[in-house]
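A.B. asks: First the structure, then my questions, so here it is.
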Amino acid sequence: DAEVAEPNLVASGFLELLNKLRDVFLQDSIFLRRDHPGHPIFRDALFASVEYASFAMAVLVAADTLCHEDPHLVVIEKAIPSVNERLRSMTSVI
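Quick note: the numbering used here has the sequence shown finishing at residue 98, numbered continuously throughout.
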């Protein structure tokens, strides 16, 4: 007789958390790898793949863009795109 495993709410929640943290770790890994290049986890083949290199470049470009953006304009852009466009054109004239 094969036993049927009952769904375990805690185990299911833990696996869901790991799945979400996977995305966070991959995004953070670019900066962690820069700060700790000799860490053993970065010897994994994933970090040598073309896909990871492309992903890392996209994350670094996005991070660089955010560092140079005026945070007030970013908030306005999300809230009211037309007002943001007008403010950008005004600041480019000044």
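We put the CB at the ideal spot given by N, CA and C, even for glycine.
#1: So, under 8 Å CB-CB, Val-63 and Ile-34 are touching, yes? Tell me the CB distance rounded to an integer number of Å.
#2: How long is the line joining the alpha carbons of Leu-21 and Leu-13, rounded to whole angstroms?
#3: Ignore the nearest five residues each way along the sequence and tell me which others in Val-37's own chain have a CB closer than 6 Å to its CB.
#4: For Val-28 and Pro-85, what's the separation of their Cα atoms in angstroms?
#5: If we ignore side chains and look at the alpha-carbon of each, how far apart do Ala-15 and Ser-96 end up?
C.D. replies: Answer, in terms of the structure:
#1: 5 Å
#2: Rounded to the nearest whole angstrom, the CA to CA distance from Leu-21 to Leu-13 is 12 Å.
#3: It should be noted that the sequence gives Arg, not Val, for residue 37. So the qualifying residues of the chain are Phe-46.
#4: 28 Å
#5: Straight-line measurement puts the Cα of Ser-96 at about 54 Å from the Cα of Ala-15.
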